[in-house]
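Protein chains in written order, with my numbering: chain V, 1 to 435; chain A, 1 to 435.
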């Protein structure tokens with residue numbers, strides 16, 4: 001099966017993509033193209049800017065700096081973008097609800113427009129929207145922009161497509177750490193935007209919002225961030241706002257069972273979800289005032305890893321982040337080196353029947369609460385072929401006895417069916433609407 | 001006069017600083033040091049990370065990517081950092097109010113702690129705070145972090161320092177485009193944080209907030225962004241969320257009168273503000289739904305410049321962003337090429353008695369309003385030796401007849417006295433407290 005298509009650019013160059021531990025390069029990795037194509041763009045706006053970009057790049061010694069803007073990810077392919085690529089420096093998660101009167105036909109037209117606009121944006125071209133481009137992203141390259149579309153449970157009734165609703169979209173069970181805000185949860189449609197440049201990400205958000213006018217309106221929006229490319233000397237697993245290395249045990253594309261765990265197989269149910277995936281979103285606020293009062297050694301026990309470098313507590317001083325966790329290991333005193341309620345034990349695949357999901361999250365900070373604590377934490381995004389075998393069993397175990405959970409509040413939750421990628425000339429969700 | 005000190009690092013390397021049109025390199029430019037010093041750091045946390053950083057950099061071919069993290073700006077110097085350097089990709093603006101019972105002594109102690117923490121953070125070292133470091137910035141270099149401190153009008157009464165309050169801190173006059181929210185305006189103390197990496201900026205914010213506990217609490221906080229380093233092939237003047245190039249006419253450090261316009265001279269009043277500056281902040285919401293309905297040609301008339309490249313409308317097709325604006329120029333039809341109410345005419349220094357301020361702003365986007373419009377715009381930050389000769393006369397003229405004003409709402413406003421930089425071993429504001 002050909003899993004990835006090359007993009008339409010006439011100028012593929014070497015990729016500037018670092019080999020991030022959270023999403024290493026592998027044979028099935030989505031093709032990342034180095035340069036936004038200047039060919040084929042015309043007119044004012046990004047066409048002109050694309051030309052200027054190419055000219056400047058030719059006139060000056062190429063620098064890795066310039067590749068931050070020039071990194072381009074293909075929109076068309078077997079899978080949608082924004083799943084297996086390393087998470088970008090900026091992310092926007094938006095849910096839309098269909099407006100009254102919008103049904104299957106209008107939704108299909110919207111997905112067709114959204115796909116066309118997203119494809120152009122990701123190529124660094126002027127988006128062919130119904131309104132003139134805003135110009136916000138002029139001068140900048142696509143900056144690793146990805147746009148990903150999904151369908152929520154409520155979408156199917158509203159569009160007369162209930163017979164096609166995946167069983168996997170059943171509501172997630174309640175968990176004891178939940179303090180969910182329904183207004184910031186769920187939604188008919190989901191758009192995930194990621195880019196390594198904030199104006200590029202906002203430009204895409206605004207272009208897609210404008211394209212939805214008359215069909216769907218924003219239900220909620222969350223924005224988050226990750227490390228900027230190049231902020232660390234070498235790519236590293238992300239650190240969250242608790243200061244912990246987070247994502248070490250993420251499945252890797254080189255794993256034999258990666259595709260099976262993350263993507264819906266051809267021949268699965270429903271058929272239109274073949275090569276798609278399910279995204280679980282949780283807005284997880286961190287109780288940082290409480291967490292930061294915990295002494296370092298106790299923080300490490302809560303996680304089961306050293307804070308400085310992520311090495312498991314079962315490893316000796318020479319351990320590193322990638323040293324396998326020895327869940328049976330004991331200290332000289334005979335205690336479990338990784339405590340019974342340590343986060344790394346509770347989430348270990350071997351204690352969860354091999355459940356695994358691909359986490360691709362963003363940190364967030366939305367100002368301060370009335371008590372002075374930062375409203376900050378993790379926009380947790382997990383990808384799996386089946387939430388009942390990915391997120392749900394792990395969260396159930398966390399709910400029963402995870403030392404970390406008392407420092408977290410799950411404040412919003414959503415689950416979306418993310419279909420496979422669009423073929424060239426096609427659009428995301430086409431097999432649902434036209435199948 | 002020695003205007004800048006070198007920082008304490010033993011390892012200055014070449015700067016990765018691009019020559020941005022908004023803040024070009026010049027003889028008085030603050031020294032930007034390439035690498036965070038690994039020497040002198042010890043223990044867990046950033047000490048260890050600093051060492052790893054240096055090791056990795058030596059083991060791998062140096063890339064410009066790595067310099068994003070390694071860019072270091074000196075904390076100590078004649079002026080505070082965060083004024084003349086190119087604006088970073090991420091910015092946080094925070095006002096603090098002193099808590100009941102905190103007076104001059106407590107405020108001086110806070111500024112001493114803040115200065116010590118800011119100096120360490122900007123050097124990429126573990127901040128010597130009262131609490132253990134959060135670890136959020138582990139692995140990353142300082143990423144061009146700057147921290148800047150200022151005093152608001154209310155600070156002086158609350159600390160018994162009314163006799164030392166600068167006359168320049170008189171409240172700004174009201175303007176007709178004002179729709180100011182007092183809760184998001186003013187404040188006793190101001191902290192400006194900028195960095196090219198979001199976790200590094202949040203780490204600094206959290207470290208400074210924790211250091212203030214018991215003395216001052218957050219009054220308001222705003223977060224914004226600019227282009228990421230390397231998103232454009234060559235450094236360019238920023239583009240705002242209206243898609244306009246914004247900042248072309250900023251004074252340059254190479255201008256003969258730059259220092260006189262931006263910084264309070266030695267011998268000025270009050271004496272403790274020598275080498276300081278005044279910061280005017282305006283949270284300017286853009287009415288993007290209205291603006292984007294305006295056809296391109298009319299948008300260009302409102303500004304007086306071409307949207308694509310920023311060339312003045314008085315220039316021909318070969319004009320560029322840096323072509324001088326010809327305010328008297330006429331079209332073939334005899335019309336003024338730059339309209340009477342064009343923004344570029346109203347703000348032109350030659351129509352404002354030479355008034356000039358150094359603008360160093362961030363874009364912002366705080367979700368959506370109830371009507372579906374993005375709550376987005378500009379965190380306008382202007383620096384000048386005297387607000388009555390910088391911001392105020394320009395804003396008065398804009399208020400009377402600027403075509404752009406009807407697309408803007410000023411929603412918050414503040415004015416802070418930003419003293420000169422701290423000497424090594426000293427702290428910001430020392431001359432106020434001990435003078």
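Cβ coordinates follow ideal geometry from the N, Cα and C atoms, glycine included.
Being a predicted model, the structure only gives us computed values, none of them experimental.
Rounded straight-line distance, which links the Cα of residue 339/A to that of residue 134/V: Take the alpha-carbon of residue 134/V and the one of residue 339/A: they are about 22 Å apart.
Segment contact, 8 Å Cβ cut-off, at least three pairs: the stretch 349-361 of chain V with the stretch 312-320 of chain V: no
Interface partners of residue 374/V on chain A, CB under 7 Å: 206
Separation of residue 209/V from residue 306/A, as counted between CA atoms: 26 Å
Members of the stretch 144-155 of chain V that neighbour chain A once the beta carbon cut-off is set at 7 Å: none
Sequence-distant residues of the same chain with beta carbon closer than 7 Å to residue 140/V, five excluded per side: Beyond the five residues adjoining it in sequence on each side, residue 140/V comes within less than 7 Å, by CB distance, of 69, 197, 199, 200 in the same chain, given in chain order.
Complete alpha helix (DSSP H) runs within the stretch 179-230 of chain A (minimum length 4 residues, chain order): 198-212
Top-ranked residue by Cα proximity to residue 248/V, from 146/V, 367/V, 320/V: Answer by Cα proximity: 320/V.
Reference residue 429/A, options 74/A, 72/A, 78/A, closest by Cα: 78/A
Closest residue to residue 179/V among 276/V, 282/V, 161/V, 95/V (Cα-Cα distance): 282/V
Test: residue 368/A CB closer than 8 Å to a CB of chain V: Cβ-Cβ to chain V under 8 Å: yes for residue 368/A.
Supposed close pair residue 280/A, residue 94/A - CB separation, criterion 8 Å: About 16 Å; that fails the 8 Å criterion.
Start-to-end residues for the beta strand (DSSP E) that takes in residue 136/V: Counting along the chain, residue 136/V sits inside no beta strand (DSSP E), nor does DSSP assign it H or E at all.
Boundaries (first-last residue) of the alpha helix (DSSP H) holding residue 118/V: 104-122
Helix, strand or coil at residue 259/V [DSSP, three-state]: helix
8 Å CB neighbourhood of residue 207/A in its chain, flanking five on each side removed: 117, 121, 127, 129, 133, 134
CA nearest to the CA of residue 458/A, picked from 299/A, 417/A, 227/A: With chain A running from 1 to 435 in the structure shown, residue 458/A is simply not present.
Buried or exposed (CB count within 10 angstroms, at least 16 for buried), residue 41/A: At residue 41/A the pLDDT is 30, less than 50, meaning the model places this residue with poor confidence; the figure from the coordinates comes in the next sentence. Buried: at least 16 other Cβ atoms inside 10 Å.
Stretch pair the stretch 285-295 of chain A + the stretch 393-409 of chain A: three plus CB contacts closer than 8 Å: Note that the stretch 285-295 of chain A touches the stretch 393-409 of chain A; at least 3 beta-carbon pairs, one per stretch, sit closer than 8 Å.
Chain A contact for residue 302/V (CB, 8 Å cutoff): With 8 Å as the cut-off, residue 302/V does not count as an interface residue toward chain A.
Cutoff 8 Å: residue 332/A Cβ touching any chain V Cβ: no
Alpha-carbon spacing of residue 347/A relative to residue 76/V, whole angstroms: 46 Å
Neighbouring residues, chain V, relative to residue 139/A (Cβ below 7 Å): 232, 236, 239
Bounding residues of the beta strand (DSSP E) (the contiguous stretch that carries residue 383/V): Annotation: the continuous beta strand (DSSP E) that includes residue 383/V extends over 374-384.
Under 9 Å (Cβ pairs) to chain V, residues found in the stretch 336-367 of chain A: Taking 9 Å as the Cβ-Cβ cut-off, the stretch 336-367 of chain A approaches chain V at 363, 365, 366, 367, given in chain order.
Proximity to residue 436/A [Cα-Cα], best of 379/A, 148/A, 82/A, 392/A: No answer is possible for residue 436/A: it lies beyond the span of chain A, which begins at 1 and ends at 435.
Beta-carbon proximity check, residue 224/A vs residue 368/A, cutoff 8 Å: no
Residue 215/V beta carbon less than 8 Å from that of residue 110/V: Yes. Within cutoff.
Helix, strand or coil at residue 321/V according to DSSP, with G and I counted as helix: Coil at residue 321/V, not helix or strand.
Contained alpha helix (DSSP H) runs [length at least 4] in the stretch 312-357 of chain V, N- to C-terminal order: 343-346
Cβ-Cβ separation, residue 415/V to residue 387/V (assumed contact under 8 Å), whole Å: 6 Å
Cutoff 8 Å: residue 68/A Cβ touching any chain V Cβ: yes
DSSP state of residue 388/A mapped onto helix, strand, coil: coil
Neighbouring residues, chain V, relative to residue 377/A (Cβ below 9 Å): Residues of chain V with a Cβ closer than 9 Å to the Cβ of residue 377/A do not exist, since the nearest Cβ in that chain sits about 11 Å away.
Near-chain A residues of the stretch 297-329 of chain V (beta-carbon distance less than 8 Å), N- to C-terminal order: 307, 308, 309
6 Å Cβ shell around residue 29/A - same chain, five flanking residues per side excluded: For residue 29/A, the predicted model reports a pLDDT of 42, less than 50, meaning its position is unreliable; a value from the coordinates is still stated below. Cβ within range, chain order: 253.
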